[in-house]
Amino acid sequence: MRRRLSAPAVALFLKTADLLDLKVEDRMALLGGISRQTYHNWKTGRTASLTRDQLERISLSDGWRLRRHRRRRG
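Residue numbers are given in the UniProt record's numbering: position 42 of the sequence shown equals residue 42, and the series is strictly consecutive.
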């Protein structure tokens with residue numbers, strides 16, 4: 001299950017991080033302190049199976065995006 005969710009989750013996180021205008025270092029920290037190489041691999045589509053922790057972190061970041069979107073709509 002985690003393997004199937006990993007690539008779409010990373011794509012969602014990258015879109016959310018772009019919308020929030022996060023720096024690369026902040027993105028890596030939010031994903032649990034991953035290395036720059038791992039981040040680069042994920043960004044270029046080479047995604048291994050994410051851990052449960054990483055999937056939960058991405059899910060939380062999507063919640064931030066939704067709250068921001070709702071706040072803007074007022």
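Every residue, glycine too, gets a C-beta built ideally from N, C-alpha and C.
- About 16 angstroms separates the beta carbons of residue 59 and residue 3, which is beyond the 8 angstroms limit, so they are not a contact pair.
- Nearest in C-alpha terms to residue 7, of all of 62, 55 and 72, is 55.
- In the displayed model, residue 48 falls within coil according to three-state DSSP, outside both helix and strand.
- Bounds of any alpha helix (DSSP H) do not take in residue 35, whose DSSP letter is neither H nor E.
- In summary, residue 19 is exposed, with fewer than 16 beta-carbon neighbours lying within 10 Å of its beta-carbon over all protein chains present.
- Across the structure, residue 70 and residue 40 are spaced so that their CA atoms are roughly 30 angstroms apart.
- For residue 31 and residue 53, the gap between their C-alpha atoms comes out near 8 angstroms.
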